[in-house]
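The next block holds one structure in the form of structure tokens; read it before the comments.
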Amino acid sequence: MKKQLNQLKSPVATMVMAALASIAVAQTPITFVNATTNNTTLPNGDPLIPGTHYYVGQTWSPNDAVWDYRTGYANDGDIWQNASSGQIDTNAFRLRTTVTVPAPGPGQYYEVYALFWTDTSSWRIAASLTDAPGQLPLYLRDSPGVTQFWTGADGTQYSTVLSPNPFTTSVLISEGNRRLLMTPSLGQVVGTTISVYIEPDRNQADSNQRTWFDGIGYQLIPEPSTCALVGFGALISVLALRRPQK
Numbered sequence: 002m003k004k005q006l007n008q009l010k011s012p013v014a015t016m017v018m019a020a021l022a023s024i025a026v027a028q029t030p031i032t033f034v035n036a037t038t039n040n041t042t043l044p045n046g047d048p049l050i051p052g053t054h055y056y057v058g059q060t061w062s063p064n065d066a067v068w069d070y071r072t073g074y075a076n077d078g079d080i081w082q083n084a085s086s087g088q089i090d091t092n093a094f095r096l097r098t099t100v101t102v103p104a105p106g107p108g109q110y111y112e113v114y115a116l117f118w119t120d121t122s123s124w125r126i127a128a129s130l131t132d133a134p135g136q137l138p139l140y141l142r143d144s145p146g147v148t149q150f151w152t153g154a155d156g157t158q159y160s161t162v163l164s165p166n167p168f169t170t171s172v173l174i175s176e177g178n179r180r181l182l183m184t185p186s187l188g189q190v191v192g193t194t195i196s197v198y199i200e201p202d203r204n205q206a207d208s209n210q211r212t213w214f215d216g217i218g219y220q221l222i223p224e225p226s227t228c229a230l231v232g233f234g235a236l237i238s239v240l241a242l243r244r245p246q247k
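Under the numbering used here, the first residue of the sequence shown carries the number 2, and numbering increases by one thereafter.
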């Protein structure tokens, strides 16, 4: 009996690995979309007004409820910042970034993420797929499920140094002492429009808790491949047929 079980291990293990590998291959990279003044609005979809809702550069007044749209940083050379260095802004209003995506196929959907930056302190972001009342779920570098793509030395690095590249394009993941972070999945979308709501920490105590919002990511999740399903089905059949008889 022991010999029979040992003989069974190799083909069963091979089938398990093949099935799991087919599922892994089915996973697709993440498409990064930079948050700009064109795709980012007020929560109700109204456009942002320069000088009222955001300022190009930095403002130096605490709690002014005005976002800083800074250039020369992060992906595509721009970033949304709720408070400048040394300041806080607990009054910064909620943003909505919206993108149009190809219609997913039958059984497919998109996982959605928010991407933000941190330095060596504890920058953070609040993000959700719904415009819910109260503070949106808050994410920091050490929050469960948050991904930090680069943990090496300071400097400029792009996602192409990673193997495999988790994105469909070359995405900036390290700049100086700052690192790009990604929230865990905010949820699933099955339509052709993705909207992500963003806000800072409403209880921000100092500039070490500010928000640098870079953009959103979406990842097409295909239905389980036929190969994987066949593999698991065969595995179950083998186990049933080879079950030791008492």
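Note that CB positions come from ideal geometry on N, CA and C, so glycine has one too.
Practice task
Grab the span of the beta strand (DSSP E) containing Phe117 for me, first residue to last.
Solution key: Tyr110 to Thr119
Problem - Identity of the residue in Ala36, Ser122, Asp120 and Val197 nearest Leu137 by Cα - result: Val197
Exercise for the section: Evaluate Asn39 with the Cβ neighbour count: other Cβ atoms within 10 Å of its Cβ, from every protein chain shown; 16 or more gives buried, anything less gives exposed. Expected result: exposed
Handout entry: Gly87 versus Thr212 - alpha carbon distance
Key = 13 Å
Problem - Segment contact, 8 Å Cβ cut-off, at least three pairs: the region 110-128 with the region 206-226 - result: yes
Problem - Alpha-carbon to alpha-carbon, Glu112 and Ala25 - result: Caution applies to Ala25, whose pLDDT of 43 falls short of 50 and renders its modelled position unreliable; the value that the coordinates give is listed next. Their backbone Cα atoms lie some 16 Å apart in a straight line.
Exercise for the section: Can you tell me which of Asp77, Met183 and Ser129 puts its alpha carbon nearest to the alpha carbon of Trp151? Expected result: Met183
Exercise for the section: Look at the alpha carbon of Thr1 and the alpha carbon of Ala154, and state the distance between them as a whole number of angstroms. Expected result: Beyond the ends of the chain as shown, which are 2 and 247, falls residue 1; an answer cannot be given.
Handout entry: Nearest neighbour of Thr72, chosen from Gln59, Gly216, Glu200 and Ser144 [CA to CA]
Key = Gln59
Problem - Enclosing beta strand (DSSP E) for Leu96 [first to last residue] - result: Leu96 to Thr101
Problem - Neighbour-count burial assignment, Asn83, 16 or more Cβ in a 10 Å radius - result: buried
Problem - Ala36 to Ser129 span [Cα, whole Å] - result: 15 Å
Exercise for the section: Return the CA-CA distance between Val57 and Leu96, expressed in angstroms with no decimal places. Expected result: 16 Å
Problem - Through-space distance from Arg203 to Thr91, alpha-carbon basis - result: 5 Å
Problem - Residue of Asp69, Tyr74 and Gln220 minimising C-alpha distance to Trp81 - result: Asp69
Practice task
Measure from the alpha carbon of Ala104 to the alpha carbon of each residue in Val191, Gly216 and Pro223, then state which is nearest.
Solution key: Val191
Practice task
Give the range of the beta strand (DSSP E) segment to which Ala128 is assigned.
Solution key: Arg125 to Ser129
Practice task
On a CA-only basis, which of Tyr74, Arg179, Pro51 and Ser186 is nearest Ala66? Give me that one, please.
Solution key: Pro51
Exercise for the section: Measure the alpha-carbon distance for Gln220 versus Val102 and round it to whole angstroms. Expected result: 10 Å
Exercise for the section: Have a look at the DSSP bridge pairing and note the partners of Leu181. Expected result: Trp118
Handout entry: Val147 to Tyr159 span [Cα, whole Å]
Key = 18 Å
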